[in-house]
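Residue numbers (our numbering): -3 to 231. Beta carbons: idealized from backbone N, C-alpha and C, even for Gly. Bear in mind that the values here come from a model prediction, so they are computed numbers and not experimental data.
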């Protein structure tokens, strides 16, 4: 009986050791930057470029999320490499590389914590100009915001054509301020329409029923594109 118990105990110990090794390996695997596509060579190249040129976003760590797209973001016909990272809630970066003789040359970097890049309709004033949209997640202690950026590339530089609050939460003492924004573009006129709703909540206790919510105030603005940036009408 003792030998049997000893034998069972040894098997259990070995099993738990094996299980612990498997769990540990899986945990490390999930933390390590993972390939994003089936093209491992491209993934490795982009990762090297990010590590070499990124100054914002804290670099590539064990928990960093990162991605990239091949997009034509400037005046030529070749596709550029657009890479982005998310190192934490408010840390990230956007990098653009130009394709020069099958080699990617660094153009510029923005400290934007983005999850995706979307192309907006070409502007009427210049059908060759490509306008892009990127939401930037930023903030700090007691503050969180999502800022929308409209941008394009000209002469090897990222030009910020417009920016606006899409979501903002600010906590200070017994007050919480909320802002929600949205925008759309008129394709026929290249006008940008923007709405922003703001409200504030005051409280002195944790009792939700005793919190005072001020009436929401919504403002709207219209912006015209002047060939370089969006200018608010009647400002």
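Contiguous beta strand (DSSP E) elements confined to the segment 103 to 191 occur at 114 to 116, 127 to 136, 139 to 150, 153 to 168 and 171 to 182, taking only those with 3 or more residues.
Segment contact: the segment 136 to 155 against the segment 68 to 78, three or more CB-CB distances shorter than 8 Å; contact assigned. DSSP, reduced to helix, strand and coil, places residue 47 within a helical segment of the structure shown. The secondary-structure analysis by DSSP pairs residue 64 across a beta bridge with 79.
Cβ-Cβ distances below 8 Å link residue 159 to 143, 144, 145 and 146 in the same chain, with the five nearest sequence neighbours on each side left out; the list follows chain order. With a threshold of 16 other beta carbon atoms within 10 Å, residue 82 meets it and is buried. With contacts defined by Cβ atoms closer than 9 Å, residue 129 and residue 116 form a contacting pair. Taking the Cα of residue 215 as reference, the smallest distance to any Cα among 194, 226 and 223 is reached at 194.
The C-beta of residue 126 has 16 or more other C-beta atoms within 10 Å across all chains shown, which makes the residue buried. Pairing residue 103 with residue 94, the inter-Cα distance amounts to about 6 Å. The continuous beta strand (DSSP E) containing residue 88 extends over residues 88 to 96. Taken atom to atom, the span from the alpha-carbon of residue 80 to that of residue 217 is near 30 Å. From the listed residues 188, 137 and 176, the smallest Cα separation to residue 228 is found for 188. DSSP places residue 220 in the uninterrupted beta strand (DSSP E) bounded by 213 to 221.
In this structure, 65 is the residue among 162, 65 and 141 with its C-alpha nearest to the C-alpha of residue 114. In the three-state DSSP reduction, residue 73 falls in the coil class, being neither helix nor strand. Just so you know, the alpha carbons of residue 141 and residue 49 end up roughly 26 Å apart. One Cα belongs to residue 165, the other to residue 92, and the distance between them is close to 30 Å.
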